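In the UniProt record's numbering, the protein residues as written are 1 to 448. Comments concern the structure below.
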Amino acid sequence: MGEGSLDAQSTTPSAGPLPATQIHQMLRQQWGDALLRRLHGIGRIAANLGTPAYLVGGCVRDFLQNHPMPDIDLAIEGDVRAVAEACSAELSGAQCTYHPYFGTAILRYPDGFQLDLARCRIEHYPAPAALPEVQPAAIQADLIRRDFTINAMAISLDPEKFGEFLDPYGGRTDLQRRLLRVLHPHSFLDDPTRILRGLRFAVRFQLQLEASTRGLLEEALTQNIFARLSGARLWRELKYLLELTDLPAALEELGAWQLWPLLRPTPLEVEPLLAKIRRGQQEIHWFHRHFPDEKLCDAAVLLTILWRDIPWAAEKRLHYWPVTDGRYILNDLHRLSEIPAALAKASHPSAVAQLWESLSLPGILALLAEYPETDTITKSGRYYLLKQRGLTSPLNGKDLQAMGLAPGPQLGKVLRHLHDARLDGAIKDKETARQWLIRQGILPSIQP
């Protein structure tokens, strides 16, 4: 649908006008004079080119709620490239990057601040869940093609009417009433990803689905609309969901919106699963605190927790979704049930380390999420990560070859034994390692 008109039943009366002077003062108070001057400059340049500019979408929504300054999106009623290049030429320090494929541009300033510019457009969906066909349009048409009323507001940057507030579909009223409302009846059918975006908005801003919007959601689900999405599009939205700080609340909402099947079969017991997710987030934070420079796929940790009891269903999803470290997740799901009992039987530090080594890093953190921080398994896993994982043998392959050992598989076994001996405290430097090799009969007692 895309460019269709707003359904009359979903129109909400305005919360009352916000005068441009009031908007201007609020911008100064919340965003500061420096940014305000930049916005005035862009508005002036765009007007001179005959292409009005507007603050639009999420930044207006967050501004009205006095949330911390977000990414700032500008909608341009005309040539985005011309506006961006003119701003780069006329505004001190601004650098323009234009993306012709998308018709968008980024303005970056020396202090790291950036503005995203996009052409006002209308969208037409040739089929449900298909990617839209787009055409240039004016700001009013651009607003109705958006997902929810709370994201369909704009503020003019035109010098003649700077601060004029555009809210044709009652987004400000819905914000005040804590309602999430789509803009037209085909919204979820046109783009099912709006459902997951809406769920994230509901959690972030404590919103409730407006009654007719809930009906449209239920109708879309009866048509199995998500089956029409590619794995890449679905995974992108689910990954955003998993990255929410309040993920347990999002998963509770997932159940209320009847969306559990997107992630996994509906859990028999939701609360224990949510408790593990909370513990998993604690372990992720612990890891990032102790290893700030090391990469970790947080989503892989959370998926491993979510799929702990359903490796068979996880395998099907991982073949469909482009999940980083997917093959390791499957290995971990088959190994996790064996590790705790094996740890209890391990008699040497090297044996303990080998058990932890059999899991990927996300798998380790997922296992720790099943136990309190004071549990011996949690302590063992953290000790492995902090102390054992980075421990190396005092002698490397070149050292051993210099001592007369031939390259090949046997050399690799000797290195493994040396590593285990270091973990067990039997060696600590090159000399004690050499003596250990002699005692093991790997090196002769008298070397040339």
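Note that CB positions come from ideal geometry on N, CA and C, so glycine has one too. Source: prediction; values computed, not measured.
1. What are the residues that DSSP puts in a beta bridge with Ser156?
2. If you count every other CB in all the chains shown that lies within 10 Å of the CB of Phe102, and 16 or more means buried, which is it?
3. Counting Cβ pairs, one atom from each stretch, are 3 or more of them under 8 Å apart for the stretch 272–283 and the stretch 362–378?
4. By how many angstroms is the C-alpha of Leu35 removed from the C-alpha of residue 462?
5. So with Cβ pairs under 7 Å, would you call Trp31 a contact of chain B?
6. Check for me: the beta strand (DSSP E) holding Cys297 runs from which residue to which?
7. For Lys345 and Glu338, I'd like the C-alpha separation in whole angstroms.
8. First and last residue of the beta strand (DSSP E) that includes Tyr98?
9. So Leu74 and Tyr54 are supposed to be a Cβ contact under 8 Å. How far apart are they, rounded?
10. Report buried or exposed for Trp312, applying the criterion of at least 16 other Cβ atoms within 10 angstroms of its Cβ.
11. Compare the Cα-Cα distances from Ser350 to each of Gly363, Thr378, Leu391, Ile329 and report the closest residue.
12. Arg308: buried (16+ other C-beta within 10 angstroms of its C-beta) or exposed?
13. Give the DSSP-derived three-state secondary structure of Ala105 in the structure shown.
14. Considering only their Cβ atoms, is the gap separating Ile155 from Val80 smaller than 7 Å?
15. Report buried or exposed for Met69, applying the criterion of at least 16 other Cβ atoms within 10 angstroms of its Cβ.
16. Starting from the C-beta of Trp86, find all residues in its chain whose C-beta is less than 6 Å away, skip the five residues before and the five after it, and write them out in chain order.
17. So Pro265 and Ile310 are supposed to be a Cβ contact under 8 Å. How far apart are they, rounded?
18. Using DSSP with H/G/I as helix, E/B as strand and the rest coil, what is Gly2?
19. Which value, in whole angstroms, describes the spacing of the CA atoms of Ser445 and Ile438?
20. Does the stretch 204–221 touch the stretch 177–191, meaning 3 or more C-beta pairs lie closer than 8 Å?
Here's the rundown:
1. Tyr54
2. exposed
3. yes
4. With the chain covering 1 to 448 only, the question about residue 462 has no answer from this structure.
5. Absent from the structure is chain B; it holds one protein chain and no more.
6. Where Cys297 is concerned, there is no enclosing beta strand (DSSP E), given that its DSSP letter is neither H nor E.
7. 11 Å
8. 95–99
9. 7 Å
10. exposed
11. Leu391
12. buried
13. strand
14. no
15. exposed
16. Here residue 86 is Ala; the residue named in the question, Trp, does not match the sequence. Here the set comprises Ile45.
17. 6 Å
18. Since pLDDT at Gly2 reaches only 42, below the 50 mark, its modelled position is unreliable, and no value is offered.
19. 6 Å
20. yes
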